[in-house]
Amino acid sequence: MIRPIATTRSATGVPTGRLAVWWVIASEIVIFGGLLGGYVMHRLGHPDWANQAANTNTWAGAFNTFVLLTSSLAAVLGHQAAEKGDGKKAANFLYLTCLGGLVFLIVKSIEWTTEIQHGMTITSNTFWSFYYTAAGLHGLHVIAGMVIMLFVAADAKKNKELQRVENIGIYWHFVDLVWIFLFPLLYIAK
Amino acid sequence: MSDHAHAEQSPGSAPHASHPPTNYVKIWAILCVLLVVSVLGPMLEIRVVTMVTAFGVAVVKAYLVATRFMHLNHEKKIVPYMLGTMLAIMALMIAAISPDVMKHEGTRWENTAAKESVKRGMLLHPGAHHDEKAPAGDHAAPVPPAPTAPAPAEPAKH
Chain A
1 MIRPIATTRS
11 ATGVPTGRLA
21 VWWVIASEIV
31 IFGGLLGGYV
41 MHRLGHPDWA
51 NQAANTNTWA
61 GAFNTFVLLT
71 SSLAAVLGHQ
81 AAEKGDGKKA
91 ANFLYLTCLG
101 GLVFLIVKSI
111 EWTTEIQHGM
121 TITSNTFWSF
131 YYTAAGLHGL
141 HVIAGMVIML
151 FVAADAKKNK
161 ELQRVENIGI
171 YWHFVDLVWI
181 FLFPLLYIAK
Chain B
1 MSDHAHAEQS
11 PGSAPHASHP
21 PTNYVKIWAI
31 LCVLLVVSVL
41 GPMLEIRVVT
51 MVTAFGVAVV
61 KAYLVATRFM
71 HLNHEKKIVP
81 YMLGTMLAIM
91 ALMIAAISPD
101 VMKHEGTRWE
111 NTAAKESVKR
121 GMLLHPGAHH
131 DEKAPAGDHA
141 APVPPAPTAP
151 APAEPAKH
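Those protein sequence lines, which keep their order, are chains A and B. Per this note's numbering, the very first residue in the first sequence carries number 1; after that it's consecutive. Per this note's numbering, the very first residue in the second sequence carries number 1; after that it's consecutive.
Below, the structure written as structure tokens:
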């Protein structure tokens, strides 16, 4: 059987599959860094945005932070189970992580519905343009992570490709990490 | 060469347990406590406390996630260097363009559009007392944004 290059070759000492995830994260740093950096600069230049930021729901943001932190715990426990060779347990933790992502998205959609119903749309003010773009892009990353995780979990359940549990976990922690900065920027600074 | 051997993983086999045993639940509990601090701290409405509890605590939380959950501190040096380079590039870009974005006037230039935008924002919310040079993050009564004025309808052309 031909073994995939991602699991058999490494020029850096880091398994190629995992290194690829780190490269994805490196490019994500530029994407989210540019977006958040742009937001911070504009926010400091537009003190009037504080009036708009006052409308974001801090408690919903805090709850979602708690949900993502908890889902990250499930992801790392899945990695720990994979290291012990327990694929079934690893898969179950990945399903739990996905559940966290789902709860996060449900809360976010309720939040957005309320805000849009109150006239706070992506075009009503540049603050809201940043808000929907940053949170929306982050939400898309949550969805992508969940989809990939379901595939990884399906294999892990059969004790196959267990190294991927760590790889998707690293990605998920990064998504959590982005939210850790989005939360104070969009919900706390008022 | 030993690095290469260590890095190889056969599909289906359990990955190497290369990370020291960590009490992940304890790390999660610390992160939750930090979350509570970051929510309650800004309620005191003291600017310095808000900065420390919201943004300072966010940095600590990010550090914990990166080192304990992502195991970045146990990864080969190339990875932190790689990520650090990206952060440095971002910092360079932000430092280079921030004067143009954050300031609305200079010795020989003036960003009238940005100034107008701030003025409009202030006029829409007369309850808020900000001057343009005041730092963001001052507190204001929550007020919904004014609806965007519809563009005047163009006369139909026949």
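Cβ coordinates follow ideal geometry from the N, Cα and C atoms, glycine included. Owing to the predicted nature of the structure, the values given are computational and were not obtained by experimental measurement.
Residue i, buried or exposed, once every other Cβ within 10 Å from all chains shown has been counted against 16
| i | result |
| --- | --- |
| B/R47 | exposed |
| A/R18 | buried |
| A/A82 | buried |
| A/K190 | buried |
| A/Q117 | exposed |
| B/E75 | buried |
| B/H130 | Low confidence applies to B/H130: its pLDDT is 43, below 50, so where it sits in the model is not reliable enough to give any reading. |
| B/P108 | For the sequence presented, residue 108 of chain B should be read as Arg rather than Pro. That one is exposed. |
| A/A20 | exposed |
| B/T85 | exposed |
| B/K133 | Because the pLDDT of B/K133 is 40, which lies under 50, any placement of that residue in the model is unreliable, and the number read from its coordinates should be weighed accordingly. Counting Cβ neighbours within 10 Å, B/K133 comes out exposed, since fewer than 16 surround it. |
| A/G61 | buried |
| A/S27 | exposed |
| A/D176 | buried |
| A/A110 | Checking the sequence shown, residue 110 of chain A turns out to be Ile, not Ala. The residue in question, A/I110, is exposed, as its Cβ has fewer than 16 Cβ neighbours within 10 Å. |
| A/A50 | buried |
Rounded straight-line distance, which links the Cα of residue j to that of residue i
| i | j | result |
| --- | --- | --- |
| B/V39 | A/T58 | 8 Å |
| A/F127 | A/R43 | 8 Å |
| B/L123 | A/A134 | 27 Å |
| B/P155 | B/K103 | Because B/P155 carries a pLDDT of 43, less than 50, the predicted location of this residue cannot be relied on, and no value is offered for it. |
| A/A153 | B/N111 | 53 Å |
| A/I25 | B/K119 | 39 Å |
| B/W159 | A/F63 | Because residue 159 of chain B is not part of the residues shown, which for chain B are 1 to 158, the question remains open. |
| A/K84 | A/F32 | 34 Å |
| B/L35 | B/A62 | 11 Å |
| A/V103 | A/K160 | 28 Å |
| A/T113 | B/S117 | 27 Å |
| A/D86 | B/P20 | 18 Å |
| A/I29 | B/A91 | 11 Å |
| B/N73 | A/P47 | 38 Å |
| A/G139 | A/L105 | 7 Å |
| B/D100 | A/Q52 | 23 Å |
| B/M244 | A/T65 | Any property of residue 244 of chain B remains undetermined from this structure, which presents chain B solely from 1 to 158. |
| A/P184 | B/F55 | 7 Å |
| A/A11 | B/K77 | 13 Å |
| A/I168 | B/T22 | 19 Å |
| B/G41 | B/M51 | 9 Å |
| A/E115 | A/G136 | 14 Å |
| B/G106 | B/A96 | 15 Å |
| A/I122 | A/K108 | 15 Å |
Residue i: CB within 7 Å of a non-hydrogen atom of the ligand MG
| i | result |
| --- | --- |
| A/N51 | Ligands in the displayed structure: none, and consequently the ligand MG is not present. |
Cβ pair residue i, residue j closer than 8 Å
| i | j | result |
| --- | --- | --- |
| A/W22 | B/M82 | yes |
| A/G100 | A/V147 | no |
| A/Y131 | A/L94 | no |
| A/F174 | B/A58 | no |
| B/L64 | B/L87 | no |
| B/A114 | A/G34 | no |
| B/T53 | B/V33 | no |
| A/V165 | A/A156 | yes |
| A/V178 | B/V79 | no |
| A/T97 | A/S71 | yes |
| A/A55 | A/M120 | First, the residue type needs correcting, since residue 55 of chain A is Asn and not Ala in the sequence shown. In contact: A/N55 and A/M120 (Cβ atoms closer than 8 Å). |
Residues that residue i contacts on chain A, provided the C-beta gap is smaller than 9 Å
| i | result |
| --- | --- |
| B/P42 | T58, P184, I188, A189 and K190 |
| B/V33 | By Cβ distance, chain A contributes nothing, its closest Cβ being about 11 Å from B/V33, past 9 Å. |
| B/V25 | L73 and L77 |
Residues that residue i contacts on chain A, provided the C-beta gap is smaller than 8 Å
| i | result |
| --- | --- |
| B/H104 | G45 |
| B/W28 | L69, T70, S72 and L73 |
| B/A58 | I180, F181, F183 and P184 |
| B/A114 | G45 and H46 |
| B/V101 | G38, M41, H42 and G45 |
| B/A96 | Under the 8 Å cutoff, chain A gives no residues; its nearest Cβ is about 11 Å from B/A96. |
Proximal residues of chain B, C-beta to C-beta of residue i below 7 Å
| i | result |
| --- | --- |
| A/S72 | V65 and F69 |
| A/I170 | M70 |
| A/A154 | The premise fails here: A/A154 is roughly 14 Å from chain B at the closest Cβ pair, so nothing lies under 7 Å. |
| A/F66 | C32 and L35 |
Chain-ordered chain A contacts of residue i [CB-CB under 7 Å]
| i | result |
| --- | --- |
| B/K61 | I180 |
| B/A76 | The sequence shown places Lys at residue 76 of chain B, not Ala. The answer, in chain order, is T12, G13 and V14. |
| B/V48 | Result: empty, since nearest Cβ-Cβ is about 13 Å, beyond 7 Å. |
| B/V39 | T58 and A62 |
| B/V79 | V14 and W22 |
Where residue i meets chain B, residues with beta-carbon distance less than 8 Å
| i | result |
| --- | --- |
| A/I29 | L83, M86, L87 and M90 |
| A/M149 | Within chain B, no residue comes near A/M149; the closest Cβ sits about 15 Å away, beyond 8 Å. |
Per-residue contacts from residue i into chain B (C-beta, under 9 Å)
| i | result |
| --- | --- |
| A/G139 | In chain order: nothing, as chain B lies at least about 19 Å away. |
| A/I143 | Those within 9 Å of A/I143 in chain B number zero; the least Cβ separation is about 20 Å. |
Contact with chain E by residue i, beta-carbon distance below 8 Å
| i | result |
| --- | --- |
| A/L177 | No chain E is part of this structure, whose protein chains are labelled A and B. |
Taking contact to mean at least 3 C-beta pairs separated by less than 8 Å, is the segment 32-48 of chain A in contact with the segment 76-93 of chain A?
They do not touch, by the three-pair rule.
Segment contact, 8 Å Cβ cut-off, at least three pairs: the segment 64-80 of chain A with the segment 65-75 of chain B:
The answer is yes - the segment 65-75 of chain B touches the segment 64-80 of chain A, with three or more Cβ pairs under 8 Å.
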